[in-house]
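Below is one structure, written out as structure tokens; the observations come after it.
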Amino acid sequence: MSESQSFFDKVYSIVRCIPFGRVTSYGAIAKALGSSRSARMVGYAMNASHGMQDIPAHRVVNRNGMLTGKFHFEGSQLMQQLLENEGIKVKNNQVIDFEKHFWDPSS
DNA sequence: GGGTTGACAACAG
DNA sequence: GCTGTTGCCAACC
369 MSESQSFFDK VYSIVRCIPF GRVTSYGAIA KALGSSRSAR MVGYAMNASH
419 GMQDIPAHRV VNRNGMLTGK FHFEGSQLMQ QLLENEGIKV KNNQVIDFEK
469 HFWDPSS
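Next comes the structure, spelled out in structure tokens:
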């Protein structure tokens, strides 16, 4: 139970640690988990995070800074709304100044 | 136990 | 520069 957390739990742990007004990418999280190539798993874990209120999945976007998973939210505009609420500008499902708002999970 | 899926990422054409 | 395909790895059927 100490370090035996599943891949999902690890992802949740990192996503939950994303500071306010910051975003990160799936690949960055996957890399932080030690599997830089399991970015898809990160997204899959997010899919299960729907029941997790402590998982700000809206702060997680793809490496391109695009809100790929916005369709998985209850409202198509919910994800963008949350990001804008944190001071992050979103245009056409894409985060503006993604690099500036990017947060390294290893940090 | 095997095959398919997937909120991505990297490479090739 | 953009579109298409492959790779990864764990979960789901």
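Using the working numbering, the first residue of the first sequence is number 369, and each one after it goes up by one.
Quick reminder that beta carbons are idealized off the backbone N, C-alpha and C, glycines included.
A quick note: this is a predicted structure, and the numbers were derived from the prediction, not measured.
Own chain, CB closer than 7 Å to residue i, minus 5 neighbours either side, in chain order
i	result
GLN474	The amino acid at residue 474 is misidentified as Gln; the sequence shows Ser. So the list reads ALA400, once near-sequence residues are dropped.
GLU454	PHE388, GLY389
Within 8 Å, strictly: CB atoms of residue i and residue j
i	j	result
ALA416	PHE376	yes
ASN461	MET434	yes
VAL429	VAL379	no
GLY389	ILE456	yes
TRP471	ILE386	yes
HIS469	VAL383	no
GLY402	ARG431	no
VAL458	GLU467	no
Three-state class that DSSP yields for residue i in the structure shown
i	result
SER381	helix
PHE470	strand
SER417	helix
LYS459	strand
GLY443	coil
LEU401	coil
Sheet register partners of residue i (DSSP bridge)
i	result
THR392	VAL428
MET434	GLN462
Same chain only: Cβ atoms within 6 Å of residue i, ignoring 5 sequence neighbours per side
i	result
TYR447	The question names Tyr, but residue 447 is Met in the sequence shown. Hits under 6 Å: HIS426, LEU435, LYS438, PHE441.
ALA413	PHE376, VAL379
Cβ shell of residue i (< 8 Å), same chain only, five flanking positions each side left out
i	result
PRO424	VAL383, ARG384, ILE386, LEU450
GLY443	GLN449
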